[in-house]
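Chains as they are written, first to last, in our numbering: chain A, 2 to 428; chain B, 2 to 428; chain C, 2 to 428; chain D, 2 to 428. Built from N, CA and C at the ideal position, the CB exists for glycine as well. Computed from a predicted model, the values in this text were never measured in an experiment. Have a look at the structure below before the remarks.
There are 4 protein chains.
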Amino acid sequence: MRQPLGEEKVFKDPVHNYIHVQDELIWALINTPEFQRLRRIRQLGTTFLTFHGAEHSRFSHSLGVYEITRRIISQFERSGYTDWPKEERMVALCAALLHDLGHGPFSHSIEEAFEMNHEDWTCKILLGDTEVNRLLKQISEHFPEKVAAVIQKDYDKPIVVNLVSSPLDADRMDYLLRDAYFTGVNYGTIDIDRILRMLRPFHGRVVVKESGMHAVEDYLMARYQMYWQVYFHPVTRSSEILLRQIFRRAKELWASGYSFKTMLDPLPGLFTRELTVSEYLQLDEALIQTVFMKWQNEEDAVLKDLCERFMNRNLYKYVEIKQSDSESFEEIRQAFEAAGLNPLYDLEIDSPADLPYDVFRPEDGLTTNQILLLDRQEGLKEISEVSDIVRSISGIHRGRYQLYYPQDKLQNVKDKLPAGVRTFFDN
Amino acid sequence: MRQPLGEEKVFKDPVHNYIHVQDELIWALINTPEFQRLRRIRQLGTTFLTFHGAEHSRFSHSLGVYEITRRIISQFERSGYTDWPKEERMVALCAALLHDLGHGPFSHSIEEAFEMNHEDWTCKILLGDTEVNRLLKQISEHFPEKVAAVIQKDYDKPIVVNLVSSPLDADRMDYLLRDAYFTGVNYGTIDIDRILRMLRPFHGRVVVKESGMHAVEDYLMARYQMYWQVYFHPVTRSSEILLRQIFRRAKELWASGYSFKTMLDPLPGLFTRELTVSEYLQLDEALIQTVFMKWQNEEDAVLKDLCERFMNRNLYKYVEIKQSDSESFEEIRQAFEAAGLNPLYDLEIDSPADLPYDVFRPEDGLTTNQILLLDRQEGLKEISEVSDIVRSISGIHRGRYQLYYPQDKLQNVKDKLPAGVRTFFDN
Amino acid sequence: MRQPLGEEKVFKDPVHNYIHVQDELIWALINTPEFQRLRRIRQLGTTFLTFHGAEHSRFSHSLGVYEITRRIISQFERSGYTDWPKEERMVALCAALLHDLGHGPFSHSIEEAFEMNHEDWTCKILLGDTEVNRLLKQISEHFPEKVAAVIQKDYDKPIVVNLVSSPLDADRMDYLLRDAYFTGVNYGTIDIDRILRMLRPFHGRVVVKESGMHAVEDYLMARYQMYWQVYFHPVTRSSEILLRQIFRRAKELWASGYSFKTMLDPLPGLFTRELTVSEYLQLDEALIQTVFMKWQNEEDAVLKDLCERFMNRNLYKYVEIKQSDSESFEEIRQAFEAAGLNPLYDLEIDSPADLPYDVFRPEDGLTTNQILLLDRQEGLKEISEVSDIVRSISGIHRGRYQLYYPQDKLQNVKDKLPAGVRTFFDN
Amino acid sequence: MRQPLGEEKVFKDPVHNYIHVQDELIWALINTPEFQRLRRIRQLGTTFLTFHGAEHSRFSHSLGVYEITRRIISQFERSGYTDWPKEERMVALCAALLHDLGHGPFSHSIEEAFEMNHEDWTCKILLGDTEVNRLLKQISEHFPEKVAAVIQKDYDKPIVVNLVSSPLDADRMDYLLRDAYFTGVNYGTIDIDRILRMLRPFHGRVVVKESGMHAVEDYLMARYQMYWQVYFHPVTRSSEILLRQIFRRAKELWASGYSFKTMLDPLPGLFTRELTVSEYLQLDEALIQTVFMKWQNEEDAVLKDLCERFMNRNLYKYVEIKQSDSESFEEIRQAFEAAGLNPLYDLEIDSPADLPYDVFRPEDGLTTNQILLLDRQEGLKEISEVSDIVRSISGIHRGRYQLYYPQDKLQNVKDKLPAGVRTFFDN
């Protein structure tokens, strides 16, 4: 497992052209059941309901993150930078490849619904009774712990952590390029060759040569556009709301002793939060979608309706409300209830700021969230000190709220709503 | 349903940039459960196990076929060609959009295993008790039959049939472009704008202006490359063989009264070939993959092994044999059996020529399989009469055979094989 | 000339794929000597010395502007918008095609050096004794004046002027896409299909449907990047400075009666500003480069040196100075002179703000410089009112200055410069 | 000159994204006047008159050839192949960069008209009193001769020659990609990453790993398409015929003592074939175009007419004749003369087979013209032995002839031609 492959192997990839595998261990890890499972988890959850091309999986994204990391390290080694600890190559490559191993189906929604965290699951898989664990141990007894430490950001070589998780890491670079490619939007076409060429290991961090500033600006602008045009798209948010409601309803029904016509393992364990690693690994989007299809025939009207909506893409509509209107949200909810709607399922308020995605916000202060430029004369500078454009786009668009609701149901009771509430839904 | 939409709607598409929807009926058809189901059927079946980007669905392909057809008709109308019957626009658009409605999960394999035909199912869905049928009937009582007739190639306006099914139809143009895009291969980049501009309605057929010959040559070369590099890729063939074996084994077990730990409707109906339309519509790849995941725990060793292989991408290996060796196939099978292997599951012979895909073969003689060039002076000519390159690539690559087998099992018994058989597997 | 062409003709174009010519007049105009001359004028002047791919001509750009205009008008006509005056189609297409007809070789530099204006020359060519004029007159006696009026922005149908010249016109859209393509930079990949689809004729202006706001934001960001990364690139500025110095020196020498070894008509007329239209049409970049090549052998040391530098790309170096240092510019010039350098040719100060290019600056106030969004409910809004990002990038980067100088000459006298001046040039 | 650059320098390139310069010598060579002159020679001669985007120069192509060669060598070094002589890196890079140094303006036409050869001139420039020669000598006294020997294919290390000149060399790979990019045609999109990865140094040759066969097929098909769609395009041939006629006429006039109104050095030396290296280096397309523009005012009616046609793109028309008609060519010429046309200038016969471009034709027999595949078991095989498709496209399209003539002049005398001749020109 320590050896290089006799002959490099490649995967054809639409984003990076080829993914190059040069180590026996990497090849073996890709072929584990745990890694192959990522083929059955979409990279962008329900986004395919908004952008139909976005059907790509976490499998291809993980290969992409590995490939970018490989290129960065290869450049560090070729240039002989002494700030890069050469012996950390394999731990960095494994962390890059495996960092998403713990993602569940429709990850963000399921995590919210069941208070889970994919990073925890990644570490459980790395350290548990799995094929991946057995392979990593062949390197050394504590190699799985090392990889897990990098992913949990407490590895003792900060540069490895920084390489794998930072605002300019391989993860973000791959998903910008890949998500732009598969959705078909034009934003996100960053000059990755130039960015990679500008990265330097420096005092335990990966920093950017100052002459790479414009490429980084362009990267941050692409990211800004992707967040607001793709990741925070209200139609995608709407389908995620449906998902969360389905999970919530099923959990309630399970807790109340409701007898499901169809139930598949390991869902009960998910409801009671008692999943083992091997059960968790059975959770994929095929299983979730299959259950949802079957639940269209359940007795419970709420669950049935939500599942029909999800399967047939009959999503909730939305209206935008201003932050100042947010106090009126309670008023609307009460009016919905008074009009006979279900106040728990027929109305949701949502703001993208609640999302677990991050936009680059230097004011958050954490140094690991900063992009640093390296000037030969003046040393390190945080990019927003130097770049007007980065300063300009930080913090834009905060405080937008959307109300989501089933248009058909609302229509039926619209004349029962007070005029003040009705105007919100008048177009 | 007869009206145009108040305002054109668009879908962002990575291949055509935008899909333009201008008619209320088309919009409504896209939103039916039957059409949304195509999101859960991959366009290229198991090809994603060879090219990881190929995770795109028949939903996006169907939109693409519709869009190309819309552009062709729009060009015919703009140019005022009298050979194009304007009143057929809507039936042509519907046939283009809905032609793949009857595809099942992993379509080619399931059709072979259960002797079904997706075209039949498309027509059953068009004519049965479905949302799609109800919408089509709003145009006229017999509109569903008309659309079905176009798809079955017996509509009484041959130009509509020819527009929707021919060697240069919207279906083939979309899949070449789309499959090239999502797999990431470079072939398949055809100049679709030029081809579309060269199409002419002419005496009940869609023909190509002679000056478009080179664009057509380029299209046929792209297709040639896509067939041999992507569609007939031995790794994809290998995964399809696994699929067929799983289906075959499950059917055998069902017939023999085996008691499955996990069984999901409507699979029994599939085994007995007694599916209703509404049951058929529940068949999607999520359900199939979920069952396969569960069947990894079945008692039956053959089914269990096949499902584990499929889920974890532990595919059969292959060797190429020459056509002249094909008589030795029986000898090899017997040797396998003698060595203790399962002669029905541990060895498969396969030739791409058996595939339901078509390569352009003018000698097949059917005029509907021909591409005709229109010369103002000399009239119609079949393209291979005029093009050296088309003549050259026709019929190349026939007669290749591959043997597929489980490498791990073979390894265990290799020394029990006669030397003559063993040499086939020696590298 | 009034008729459509029997059959549409096309030009293959790397940016728009095909340029479609449908009118006899457009075809004839493209084939005039005056329009063919644009093949010998580069679109980006000396930018090819910075980005070697930027060798494209104003000929291809002019075709592109025509094509985009054709598409906009065609969409207006298809949608039947009553605010678009259909009878203005041909005058708009001609103005789009011919708007750059008066550009001279290395246009911006030559205009500065000889106080000329390409718009004036465009009009002189349209109205003078030219092939273009004769063709336009075949439409009607005053048709050339109409086309000229559109270009000079005083045509009596403001919507035609607005279509041809506005912050979102076909000219800007083509050059962003084209310059990005030929330089190879990644910025500038705007979603032109979407922008075109969002344009609406409205009360004598071309405005943008509000839902197109993000596409316009993306366009303005692309433009911002192109300006600062490509158009204002200091190396390009450096070569333009050389060009202006050559023109200036040659004019001085001519005025002083210097006898040139090589002189080609119509340069003397350029020096004395007495060019006729037919003389002006002989000015192209081939002639200018040929003269510069020959002037490498002139007696005058200044002219010889400048021409050698230009031909062999031995450009001036530059240092950036802050706005607050600009008063020290005079001090530096005096120090240069004292050290024996030529204060008129060995030092130039430059700020991109002096450039004849425009960045979108809404505060300039002219309504024709504004991009207006059309909201069905609230009417027109200027984009920077609505878009945070547009507001953010407006006005960024003002007030940068660069000093340009011959590094080799400076090196020879560096120790004669006062220390305070020397530090500016110390890296 | 022997050292690597302190920091790698890059050129932004639309085809390869970046050109990487790592050696002081390469950087210095690019900055010589001789290499900068290539900016003033178009890569595709008059092709820009057919495909307006094809305005790119030999400068950018030469950088591209260098870059591909650099990547191949870098792969050889990384993989540690012992068949690659490491000490030859610099001579190979210099030969790749400089191989086109001797190209004149409109190279193929001028070579035919004046019986010159650009390879000879490349060697004269390498070995003569030039900046390039001085730089190369800094490596070693005989380094210029070594570089020249590689270009002339008689260097004593055959693998270096083979790397720089073969049917799969960096030159051909760059021009296919670059010419496709700038013309905008879709052919020519080869998978260069894959091809480069498949190249192996083997017994003094660069061969292809057998698994790269399909990528090579695709490359040869792309080349086939580029030749017949772009390089042999009849409109381009037509403009080259004009060019040759202009050169021929000017040479005749010069020989006859005609007094030119405009004559620029070094044209007389070109006519008499007595150019020195430094005179040759003044020949560029700017000078040729400037002279042609001036010659529109010459007294000689033939020269004047030809130059007007060339400058204003008023090209000869063409008709295709079959090989069997070629005997009738003399008859047509006589008929032209009898009708009062100029038999020497008003009619030209042309067959692309006469062109100095090469299509891959294995039957030519020279082993250096072959592409060899390396099979681990069976050793070397010539590609057309193995590939049906390569065998199929070899030799296609031979024996096409076109007649070129001035349509306007022919029109005037058409009724004086015999009916049999007239039919050739009847459409």
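To the nearest angstrom, report how far apart C/Leu381 and C/Leu374 are at their CA atoms. Locating residue 381 of chain C in the third sequence gives position 380, counting from the first residue. Locating residue 374 of chain C in the third sequence gives position 373, counting from the first residue. Answer to the nearest angstrom: the Cα atoms are 5 Å apart.
So A/Gly205 and A/Ile160 are supposed to be a Cβ contact under 8 Å. How far apart are they, rounded? The residue labelled residue 205 of chain A in the question sits at position 204 within the first sequence. The residue labelled residue 160 of chain A in the question sits at position 159 within the first sequence. The C-beta distance from A/Gly205 to A/Ile160 rounds to 5 Å, short enough to fall under 8 Å.
Along the chain, which unbroken stretches of the alpha helix (DSSP H) at least 4 residues long are found entirely within the segment 117–172 of chain D? Entirely contained in the segment 117–172 of chain D, the alpha helix (DSSP H) runs reaching 4 residues are, in chain order, 119–128, 132–138, 144–152, 159–165.
Please confirm whether C/Asp172 and C/Val66 have their CB atoms less than 7 Å apart. Sequence index remark: in the third sequence, residue 172 of chain C carries index 171 (1-based). Sequence index remark: in the third sequence, residue 66 of chain C carries index 65 (1-based). Yes, these two residues count as a Cβ contact at 7 Å.
Under 8 Å, with one C-beta from each stretch per pair, do the segment 190–208 of chain B and the segment 165–181 of chain B reach the 3-pair mark? These segments touch.
Determine contact between the segment 97–117 of chain A and the segment 247–263 of chain A, defined as no fewer than three beta-carbon pairs at a distance below 8 Å. By the C-beta criterion, the segment 97–117 of chain A is judged to be in contact with the segment 247–263 of chain A, since at least 3 inter-stretch pairs fall below 8 Å.
Could you give the distance in angstroms between the alpha-carbon of B/Leu177 and the alpha-carbon of C/His62? As a first step, residue 177 of chain B is located in the second sequence; it is residue number 176 there, counting from the start. As a first step, residue 62 of chain C is located in the third sequence; it is residue number 61 there, counting from the start. Each residue's alpha carbon lies about 32 Å from the other.
Nearest by alpha-carbon distance to C/Gly185: which of D/His57, D/Gly129, D/Val391 is it? What you label residue 185 of chain C is simply residue 184 of the third sequence in a count that begins at 1. Checking every option, the nearest Cα to that of C/Gly185 belongs to D/His57.
How far does the beta strand (DSSP E) with D/Arg377 in it reach, from first residue to last? The sequence position of residue 377 of chain D within the fourth sequence is 376, counting from 1. It is not in any beta strand (DSSP E) - D/Arg377 carries neither H nor E in the DSSP assignment.
Count Cβ pairs between the segment 232–250 of chain C and the segment 40–53 of chain C that sit closer than 8 Å; are there 3 or more? These segments touch.
I want to verify the contact list: residues of chain D whose CB lies under 7 Å from the CB of A/Tyr220, in sequence order. For the purposes of this step, residue 220 of chain A is taken as the residue at position 219 of the first sequence. Simply none; closest approach about 16 Å.
Inter-residue CB distance, A/Ile74 and A/Ala96 (contact presumed, cutoff 8 Å): Position 73 of the first sequence, counted from the first residue, corresponds to residue 74 of chain A. Position 95 of the first sequence, counted from the first residue, corresponds to residue 96 of chain A. Incorrect: roughly 12 Å between the Cβ atoms, too far for contact.
Cβ pair C/Arg38, C/Leu282 closer than 7 Å: Counted from its first residue, the third sequence places residue 38 of chain C at position 37. Counted from its first residue, the third sequence places residue 282 of chain C at position 281. Yes, the Cβ-Cβ distance between C/Arg38 and C/Leu282 is below 7 Å.
Is it buried or exposed, D/Gly81, if we count other Cβ atoms within 10 angstroms and call 16 or more buried? Against the fourth sequence, residue 81 of chain D aligns to sequence position 80. By the 10 Å Cβ count, D/Gly81 comes out exposed.
Selection of the segment 221–239 of chain B by Cβ proximity to chain D, strictly under 7 Å: Under the 7 Å Cβ criterion, the segment 221–239 of chain B contributes Met222, Gln226, Gln230.
Given A/Gln371, which residues of its chain have a CB within under 8 Å of its CB, disregarding the five upstream and five downstream residues? Reading the first sequence from its first residue, position 370 is the one you call residue 371 of chain A. Only Pro168, Pro363, Glu383, Ile384 meet the Cβ criterion.
Boundaries of the alpha helix (DSSP H) in which A/Pro269 is found, first to last residue: Numbered from 1 along the first sequence, position 268 holds the residue referred to as residue 269 of chain A. Unbroken alpha helix (DSSP H) run through A/Pro269: 268–272.
Measure from the alpha carbon of A/Tyr232 to the alpha carbon of each residue in A/Asp14, A/Thr33, A/Phe52, A/Pro34, then state which is nearest. Counted from its first residue, the first sequence places residue 232 of chain A at position 231. Nearest option by C-alpha distance: A/Phe52.
Give the single residue among B/Asp24, B/Pro15, B/Ile20 whose Cα lies nearest to the Cα of B/Pro5. Numbered from 1 along the second sequence, position 4 holds the residue referred to as residue 5 of chain B. Of B/Asp24, B/Pro15, B/Ile20, the residue nearest in Cα terms is B/Asp24.
Assumed close pair A/Ile27, A/Leu98 - CB separation to whole angstroms, cut-off 8 Å: By one-based count along the first sequence, residue 27 of chain A stands at place 26. By one-based count along the first sequence, residue 98 of chain A stands at place 97. Between the beta-carbon of A/Ile27 and that of A/Leu98 there is about 6 Å, and that keeps the pair under the 8 Å contact cut.
In chain order, what residues of the same chain lie with their CB nearer than 6 Å to the CB of B/Lys295, ignoring the 5 residues before and after it? Numbered from 1 along the second sequence, position 294 holds the residue referred to as residue 295 of chain B. For B/Lys295, the CB contacts under 6 Å within the same chain, skipping 5 residues up- and downstream, are Thr263 in chain order.
Which value, in whole angstroms, describes the spacing of the CA atoms of B/Ser212 and B/Val391? The sequence position of residue 212 of chain B within the second sequence is 211, counting from 1. The sequence position of residue 391 of chain B within the second sequence is 390, counting from 1. Using only the alpha carbons, I get a separation of about 15 Å.
Cα-Cα, which of A/Glu8, A/Met2, A/Asn187, A/Leu200 is closest to A/Ile69? Within the first sequence, residue 69 of chain A is the residue found at index 68, counting from 1. It is A/Leu200 whose Cα lies nearest to the Cα of A/Ile69.
Cβ of D/Asp192 within 7 Å of any chain B Cβ: The residue given as residue 192 of chain D occupies position 191 in the fourth sequence. It does; some Cβ of chain B falls within 7 Å.
At a Cβ cut of 9 Å, what residues of the segment 298–331 of chain A count as close to chain B, listed as they run along the chain? For the segment 298–331 of chain A, which is checked against every Cβ of chain B, the residues closer than 9 Å are Glu309, Met312, Asn313, Arg314, Asn315.
Out of A/Pro419, A/Glu89, A/Arg198, which has the shortest C-alpha to C-alpha gap to A/Ser329? In the first sequence, the residue the question calls residue 329 of chain A occupies position 328. Per the Cα distances, A/Pro419.
Based on the DSSP output, what are the partners of C/Phe203 in its beta bridges? Mapped onto the third sequence, residue 203 of chain C falls at position 202. Answer is C/Arg206, bridged to C/Phe203.
What residue from D/Phe144, D/His17, D/Tyr406 has the CA that sits closest to D/Glu241's CA? Numbered from its first residue, the fourth sequence carries residue 241 of chain D at position 240. The candidate whose alpha carbon is nearest that of D/Glu241 is D/Tyr406.
Straight-line CA distance for C/Lys147 to C/Gln378? What you label residue 147 of chain C is simply residue 146 of the third sequence in a count that begins at 1. What you label residue 378 of chain C is simply residue 377 of the third sequence in a count that begins at 1. The C-alpha of C/Lys147 lies about 36 Å from the C-alpha of C/Gln378.
Helix, strand or coil at D/Asp351 according to DSSP, with G and I counted as helix: In the fourth sequence, residue 351 of chain D corresponds to position 350, counting from 1. Shown here, D/Asp351 sits in a strand according to DSSP, grouped into three states.
Exposed or buried, which one is B/Arg274 when buried takes at least 16 other CB atoms within 10 Å? As a working mapping, residue 274 of chain B is identified with position 273 in the second sequence. With fewer than 16 Cβ atoms within 10 Å of its Cβ, B/Arg274 is classed as exposed.
Name the one or two DSSP bridge partners that D/Pro5 has. In the fourth sequence, residue 5 of chain D corresponds to position 4, counting from 1. D/Pro5 is bridged to D/Asp24.
Test: D/Asn18 CB closer than 7 Å to a CB of chain A: For the purposes of this step, residue 18 of chain D is taken as residue 17 along the fourth sequence, with counting starting at 1. Yes, D/Asn18 counts as interfacial toward chain A.
With a threshold of 7 Å between beta carbons, is B/Leu45 in contact with chain A? Position 44 of the second sequence holds residue 45 of chain B. No, no contact with chain A.
Can you have a look at D/Pro286 and say buried or exposed, based on whether 16 or more other CB atoms are within 10 angstroms of its CB? As a first step, residue 286 of chain D is located in the fourth sequence; it is residue number 285 there, counting from the start. Looking at the sequence provided, one finds Glu at residue 286 of chain D rather than Pro. Under this definition D/Glu286 is a buried residue.
Should A/Gln408 go down as buried or exposed, given a rule of 16 or more other Cβ atoms within 10 Å for buried? Sequence index remark: in the first sequence, residue 408 of chain A carries index 407 (1-based). That one is exposed.
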